[in-house]
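Colleague: If you scroll down you'll find the structure; I have some questions about it.
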DNA sequence: ATTTTAATTTAGAATGCTTCTAATCCATTG
DNA sequence: CAATGGATTAGAAGCATTCTAAATTAAAAT
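Chains as they are written, first to last, in my numbering: chain A, 121 to 260; chain B, 121 to 260.
Spelled out as structure tokens, the structure:
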């Protein structure tokens, strides 16, 4: 049990090393929260609160820095669900989201939902970086 | 010519009245910029700059108030393209967008692009408000 | 081990967009 | 034309995020 934890920690450290970042205490702590267990959607604030509660010594600035770095190296994906704040998804595979407007919460679309046909050509001089689909939900 | 302008102004005033808002100098001025001519995508800042240049006496606060009110009454649609700022679309019909990441600029998808099949059911207790598709573009 | 080096973290300030406040203004009504 | 209640405003405040410059720390070199 304690054994499993140590192994997971090692994996997390390797994961950070693998993308060319130094495995600092802060990055390891945040990566454990993000990557051990199920896929998740977090905001900077949420992750900072969680880190504080679970004793990971980290400042809010570092949470922002780390999230951005993890996105840059492909460990996280930033999901653009609204203009108020950024969401980060530990599942970097191509998929889309529900956004619960009343709760500011993201949820994955059930697999197999939404297939996009007739994707348009990019205008001259541009290329498609990606296609985001957000299904906005309100309380019934 | 001056005649056409006057007619357009009257239409704009009626449009504002029709949704239950007082046709003040500011709202009429902003509505003329927004609704006379082709459909457009603006940010609060852009509209404020344009109003200032063209002699519409309005403060930035009122631009924000007015945009929000116009969205509330269905005269405008807010487009969620990224976390940095809000975009407002004078075309309130159901359609989707290109977003030029390098220029912070929206553009309508060509008509007929993107048909969404297999729209998922909303989770229990929620209902689908709308589906946003944003095709993000970078320079080639 | 110790020192060195360069990257990382940090608190706090700064930024950018948006909303709020409370005082003034003005479109409408009687 | 005066009264009234909504609209506008400047400026402050709020919030998410980034920046800055100083202190810390992981890794490399000795």
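For every residue, glycine included, the Cβ atom is placed at its ideal position computed from N, Cα and C.
The structure presented is a predicted model; accordingly, all values stated were derived computationally and were not measured.
If you drop the 5 nearest sequence neighbours on each side, which residues of the same chain put their C-beta closer than 8 Å to that of residue 141 of chain B?
Modeller: Taking the second chain and counting its residues from 1, one reaches residue 141 of chain B at position 21. Only 147, 189 and 193 meet the Cβ criterion.
Colleague: Kindly say whether residue 192 of chain B, judged by its beta-carbon, lies nearer than 8 Å to any beta-carbon of chain A.
Modeller: Residue 192 of chain B sits at position 72 when you count from the first residue of the second chain. It does not; no Cβ of chain A falls within 8 Å.
Colleague: Taking its Cβ as the centre, do 16 or more other Cβ atoms sit within 10 Å of residue 239 of chain A, making it buried, or is it exposed?
Modeller: Translated into the one-based positions of the first chain, residue 239 of chain A becomes position 119. Residue 239 of chain A comes out exposed.
Colleague: Quick check on this structure: which residue in A:170, A:195 and A:177 has the alpha carbon closest to the alpha carbon of residue 153 of chain A?
Modeller: In the first chain, counting from the first residue as 1, residue 153 of chain A sits at position 33. Looking at the Cα atoms, A:170 is the closest of the given residues.
Colleague: State whether the segment 197 to 216 of chain B contacts the segment 224 to 233 of chain B, with contact taken as three or more CB pairs (one from each stretch) at a distance under 8 Å.
Modeller: Verdict: yes, contact present.
Colleague: Less than 8 Å between CB atoms is the rule here; does residue 136 of chain A satisfy it with respect to chain B?
Modeller: The residue you call residue 136 of chain A lines up with position 16 of the first chain. By this cut-off, residue 136 of chain A is not an interface position.
Colleague: If we count the other Cβ atoms within 10 Å of its Cβ and call it buried at 16 or more, is residue 252 of chain A buried or exposed?
Modeller: Against the first chain, residue 252 of chain A aligns to sequence position 132. When all chains shown are included, residue 252 of chain A counts as buried.
Colleague: For residue 176 of chain A, collect the residues of the same chain with a Cβ closer than 6 Å to its Cβ; drop the 5 residues on either side in sequence, then sort them by chain order.
Modeller: Translated into the one-based positions of the first chain, residue 176 of chain A becomes position 56. So the qualifying residues of the chain are 149.
Colleague: Would residue 183 of chain A count as contacting chain B if we go by Cβ distances under 8 Å?
Modeller: As a position in the first chain, residue 183 of chain A is number 63, starting the count at 1. It does not: the Cβ of residue 183 of chain A has no partner Cβ on chain B nearer than 8 Å.
Colleague: Let me know the secondary structure DSSP gives residue 162 of chain A once reduced to three states.
Modeller: In the first chain, counting from the first residue as 1, residue 162 of chain A sits at position 42. Strand, per DSSP.
Colleague: Can you pull out the residues from the segment 162 to 176 of chain B whose beta carbon lies closer than 9 Å to at least one beta carbon of chain A?
Modeller: Listed by position, the residues of the segment 162 to 176 of chain B near chain A (Cβ gap below 9 Å) amount to none.
Colleague: If we count the other Cβ atoms within 10 Å of its Cβ and call it buried at 16 or more, is residue 136 of chain B buried or exposed?
Modeller: On the second chain, position 16 is the one that residue 136 of chain B refers to. Classification of residue 136 of chain B: buried, given that the 10 Å Cβ count is 16 or more.
Colleague: Quick one: what does DSSP say residue 227 of chain A is sitting in, helix, strand or coil?
Modeller: Counting from 1 along the first chain, the entry for residue 227 of chain A is found at position 107. Strand, per DSSP.
Colleague: DSSP has residue 174 of chain A in a bridge; who is on the other side?
Modeller: In the first chain, residue 174 of chain A corresponds to position 54, counting from 1. According to DSSP, which records beta bridges pairwise, residue 174 of chain A is partnered with nothing at all.
Colleague: Any C-beta of chain B within less than 9 Å: which residues of the segment 228 to 251 of chain A qualify?
Modeller: If the cut-off is 9 Å between Cβ atoms, the segment 228 to 251 of chain A has 229, 230, 232, 233, 234, 235, 236, 237, 238, 239, 240, 241, 242, 243, 244, 245, 246, 247, 248, 249, 250 and 251 near chain B.
Colleague: In three-state terms, what does DSSP make of residue 104 of chain A?
Modeller: Any question about residue 104 of chain A goes unanswered here, given that chain A covers just 121 to 260.
Colleague: Just the C-alpha distance for residue 179 of chain A and residue 222 of chain A, rounded to the nearest angstrom, thanks.
Modeller: Your numbering for residue 179 of chain A matches position 59 in the first chain. Your numbering for residue 222 of chain A matches position 102 in the first chain. In a straight line, the C-alpha of residue 179 of chain A is about 28 Å away from that of residue 222 of chain A.
Colleague: Between the beta-carbon of residue 183 of chain A and the beta-carbon of residue 201 of chain A, is there less than 8 Å?
Modeller: The sequence position of residue 183 of chain A within the first chain is 63, counting from 1. The sequence position of residue 201 of chain A within the first chain is 81, counting from 1. No; because the gap between Cβ atoms is not below 8 Å, this pair is not in contact.
Colleague: Mind checking who residue 236 of chain A pairs with in its DSSP beta bridge?
Modeller: By one-based count along the first chain, residue 236 of chain A stands at place 116. The partner list for residue 236 of chain A (beta bridge, DSSP) reads B:236.
Colleague: Output, in sequence order along the chain, the residues in the segment 207 to 229 of chain B whose CB is closer than 8 Å to any CB in chain A.
Modeller: Against chain A - using a Cβ distance shorter than 8 Å - the residues of the segment 207 to 229 of chain B are 218, 220, 221, 227 and 229.
Colleague: Interface residues of chain A around residue 202 of chain B at Cβ under 8 Å?
Modeller: Locating residue 202 of chain B in the second chain gives position 82, where the first residue counts as 1. What residue 202 of chain B touches in chain A: 200 and 203.
Colleague: Distance cutoff 8 Å, beta carbons only. Does residue 258 of chain A sit that close to anything in chain B?
Modeller: Position 138 of the first chain, counted from the start, is the residue given in the question as residue 258 of chain A. Taking Cβ atoms only, chain B reaches closer than 8 Å to residue 258 of chain A, which makes this a yes.
Colleague: Straight-line CA distance for residue 173 of chain A to residue 162 of chain A?
Modeller: Here the question's residue 173 of chain A lines up with position 53 in the first chain. Here the question's residue 162 of chain A lines up with position 42 in the first chain. Approximately 15 Å, taken between the alpha carbons.
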